[in-house]
Amino acid sequence: MTRLCIVISILSLLCFAARAEAQRSVALPERTLPVIDAVDLVVVGGGEGGLGAAYAAGKAGARVIVISDYTFLGDEYVAKAKRDLASGPAPQSEVAKRLFSKPDPADFSKAASALLREARVTFLDNSRYAGILVDAKGTLCGIATANKAGVQAIVAKAVLDVSQASRTADDAGAERAPWTAGTLRVSRPLADQKTKRLALVTKEVPMPELTWARLNKAEQALRETWNVVVGTNFAHSMDFHMPNALAMAQPLELENPRPEMFRVKGVGNLFVLGSSAAASPAAAERLMQPVRLTDLGSMLGTHLRAVAAKAAMPKPAELSFKALGGAVREGLAIRELAGRERPYRTAKAATVRQPAGAVPIWGEYEIVVVGGGPAGHAAAIAAGRAGRRVLLIEQAGFIGGNVALGITGFWRGYRRGFNQEWQKRRRLAYPEMLNEAGVDIWYHSLAVGAVMQGNAVRGVEVATWLGRGAALGQIVIDASGDGDVCVMAGAKADYINDGDLCIEEASFVGHYPNSMAFDPMDVAGATLHRVLVAEHVKKAAGIPIAQIRETRRILGDYQINELDVNTGRTYADVIGVISCAFDPHGYYMSDYTFAGLMISTKKVKQDVVMYVPLRACIPAGVEGLYVAGRCFSCTHDAQALARMNPDMLNQGYAVGYAAALCVQNKTPTRAVDIRALQKHLVAIDCLPAETFDEIARETPPVSEAEIEAAAQNPGQRKNLLTLALAGPRALPALRAAFATAPTPDKAKALCLLGDKEGVPLLAQQVKSLPTPPAEAYAWDGFLKVPELDGAAWCLAIPRDPRATEALTERLAACDAATGFNTLRSLTRALGRIGDPKAAPALAAFLKKPGVQGHCNPGTDNAGTQAAQFSKAMIELFAASALYACGDCEGLGRAILTRYLDDWRGIFVRYAGHALGLEDG
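Quick note on the working numbering: the sequence shown kicks off at 90 and runs consecutively.
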């Protein structure tokens, strides 16, 4: 190469590097944001100062909303474990006295929720600050918030920011002292292993500039020598004070506090109650004492109520989101969800314009993993050990998810491979495993957008108390548990959109183990669910998260179903082994299960073995993305045995190593070197070496001879399974066998395969079968299928109106005391057929005593209990069936519409889907 060529090459590289450095943002397309509230005061953060202000303003008649990063309230006392109240002032205000009456952090959060509800203050858990709203003059008129439903707008007369960095002030153009600190003092509580007392551990960490990546490096450094929960389940946050103060309207004087000391200079309706309001470290230390913050907040709340009373409410049509600028990376754009804080809100939403803008790039990695639960942190460890640059994004302040704060042990599962290393080191060690693998972790980072390049995912947008930023990656792994990134990227999912309410129950460890299913995407409903669960028991529990078993299930390149499980289907691209039993924590929904092919249940000691192909971890229609964890691609009945901790750990590891191979070999997700992946999984015992050749091949289809033999006697489970596996191929033989010797078993098999030939005979059987005993709903009560329930369900599969008479006749004999499963089977069957002739019978059933009236638009905590929510389910099943059959005097629509205002998220979602509404 000539000297000139070398010079040209160097210059080209320098130009490319300069261009890449300049393009440090990702495009945020123009769209509208739904307005979820218009208030006198919006409080940014769930800190004590904000709680005091919200309570005082609310009690004085102001309309107030609080957005909190956490799933609990109390940023200083609870999240940072600042429990040394003796070193600060005694409570003076009513709210402070009531908040600090009990020392337990769970009791504090419970009391805070109760106080806000008493003052009629709205509050949202797990919702992050996402920017500001301005009018045409640039005046601050509210904020945007981001959560699992999307990004929404809150119009407000005044804003109080009590968050860690007071980001609203910077976005509003407030004056702030320059960042001159080269280091930052950070601290975190540590529990003594013998005395269990909390002590403060402090470090001086490099911080030449305040960035999210550097803050999380400091967080990791603080956590290196102790466990994930540091002796208290709520102590999730690193503490520090902002060294560069904001310019305030008046200097801070804590001995003589006045509201103007907390008003940001130059931004008349913005107030800050945090360390940014203090001009010195000593002043910040005194200001941030939990009791003092609460009392100051109480003073501010009274003042802000008076301020708001004199101001006019901004009009959403005249507002816009203040978008950030910046040079954007070519070809990349962010895709976000557009939902409101509740799905299917009955009130029409105003909107504000979000102009085209940009989100800064906060980090670039080879692999980005979203979700630090069992599958997510295992995936990150695998990719990191393979030598890749990995980022793990976690919405909470700890790693482990349910396996850290919830069901911490192993129940069944395939106990080989990576999960054995994990178990030997135990849960206190997996932060060390991440550290050893060189994984970067971003705590308190909620994924709210997918960075897209065409249909390929190239990163993730996160919302934090420092604002919004993007992390780019060549491969992204969605281990969020809810399939958040998959759905943002355009993948499809099953989630109460299939005509049923079949979602496994959640648990609240310390409260009770099995509760109504939890909908984290219904942010308002999920917040209230958490509050009502705590109210249900006398002593608040020390677990700040719900233990969720099922939400979205992503539709992948392949969806594992009950037939695959029952036959032990094998795959050429097998990456995992699951060993468990059918454990639905609720009821079943598969046609195959109703027909008699239920997966072996937990009542049987012998586990069922299920194999997982890589294609079930690839969202259909999306490139650059894997999915791991409970939301991978399988049906509800299959997922009921495929979500156990040991199996999710191994699955996450396998997907993480697959992503590492893709980066290493520069291949897309679907072209990974599957043999290299399997070889590694065999080497670490995630796949069994002794049977690998048998399980790493495609199970052949059933033969014609097997079909012919099975058609003669489908009453035997083995034969019915053969026919179900054959699908439409089995129909000629089954029809011939039925014509020769018709039996109810053959009729049911025909209906199962969607053939109408068996409807008349099966309808006669439905008429004659005895009604099963009236068993109440129980979380573990659905491990068998009564004969009538199975026959009625299968009768509806071909959607033949000839089935209507038999089903309506049976429904007419039912009332509110009939067994849950029988009522569900009959009403769902009629709704599936959709015959208008069934409408009178469904309406008559709904009018029987005790069937209607179970909607709960208020805040009754009994609604989380099976005795109550199961009645609501029957009312919904019957109403949706009536609506599907054409309705009767508007009764079905009226009931479903009422449920749109129920506080229980899964009921809202079900009703909205039944009505055919658009979410948002």
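Glycine included, each C-beta is placed from N, C-alpha and C at the ideal position.
Remember, predicted model here, so these are calculated numbers, not experimental data.
query: Touch test, the segment 710–721 against the segment 733–752, Cβ-Cβ under 8 Å, three pairs minimum; result: yes
query: Selected residue, minimal CA-CA separation from residue 579, among 539, 126, 415 and 293; result: 539
query: Element boundaries [beta strand (DSSP E), containing residue 231]; result: 229–236
query: Three-pair Cβ contact test at 8 Å for the segment 636–651 versus the segment 605–613; result: yes
query: Closest Cα partner of residue 341 within the set 434, 358, 362 and 303; result: 362
query: Residue ranges of each alpha helix (DSSP H) within the segment 375–455, 4 or longer; result: 379–398
query: Coarse secondary structure for residue 216, derived from DSSP in three states; result: coil
query: Neighbourhood of residue 888 by C-beta, 6 Å cutoff - its chain only, sequence neighbours within 5 removed; result: 922
query: Cα-Cα separation between residue 180 and residue 142, rounded to whole angstroms; result: 15 Å
query: CB contact flag (residue 335, residue 257, <8 Å); result: no
query: The segment 793–805 contacting the segment 766–779, beta-carbon criterion three pairs below 8 Å; result: no
query: Nearest-angstrom Cα separation, counted from residue 884 out to residue 927; result: 14 Å
query: Distance CB(residue 701)-CB(residue 665) smaller than 8 Å; result: yes
query: Residue 560: first and last residue of the uninterrupted beta strand (DSSP E) it sits in; result: 556–567
query: Residue interval of the alpha helix (DSSP H) (run including residue 883); result: 876–884
query: Rounded C-alpha distance that separates residue 172 from residue 287; result: 9 Å
query: Beta-carbon proximity check, residue 784 vs residue 663, cutoff 8 Å; result: yes
query: The segment 671–689 in contact with the segment 833–843 per 3-pair CB rule at 8 Å; result: yes
query: Alpha-carbon to alpha-carbon, residue 122 and residue 304; result: 30 Å
query: Test item: CB-CB of residue 240 and residue 425 under 8 Å; result: yes
query: Residues sharing a beta bridge with residue 265, DSSP; result: 335
query: Bounding residues of the beta strand (DSSP E) (the contiguous stretch that carries residue 1014); result: Limits of the chain in this structure are 90 at one end and 1009 at the other, which puts residue 1014 out of reach.
query: Cβ-based neighbour list, residue 925, same chain, cut-off 8 Å, excluding 5 preceding and 5 following; result: 974 and 975
query: Nearest to residue 768 (by Cα), restricted to the options 118, 506 and 448; result: 506
query: Every unbroken alpha helix (DSSP H) within the segment 755–838, with a cutoff of 4 residues, ordered by chain; result: 763–772, 781–784, 793–800, 806–815 and 820–829
query: Segment contact flag, the segment 258–267 with the segment 383–395, C-beta cutoff 8 Å, min 3 pairs; result: no
query: Nonlocal neighbours in the same chain, by C-beta distance under 6 Å from residue 836, ignoring five residues either side; result: 847, 850 and 851
query: Bridge-paired residues (DSSP) for residue 360; result: 249 and 352
query: Those residues which DSSP pairs with residue 669 across a bridge; result: 697
query: Residue 379 and residue 165 closer than 8 Å at C-beta; result: yes
query: First and last residue of the uninterrupted beta strand (DSSP E) at residue 488; result: Neither: residue 488 is in no beta strand (DSSP E) and is coded neither H nor E.
query: Secondary structure of residue 723, DSSP reduced to three states; result: strand
query: Bridge partner(s) assigned by DSSP for residue 531; result: 482
query: Segment limits, beta strand (DSSP E) that includes residue 114; result: 114–117
query: Same chain, Cβ closer than 7 Å to residue 937, five either side skipped, listed in chain order; result: 904 and 905
query: Whole runs of the alpha helix (DSSP H) within the segment 163–198, excluding any shorter than 4 residues; result: 183–188
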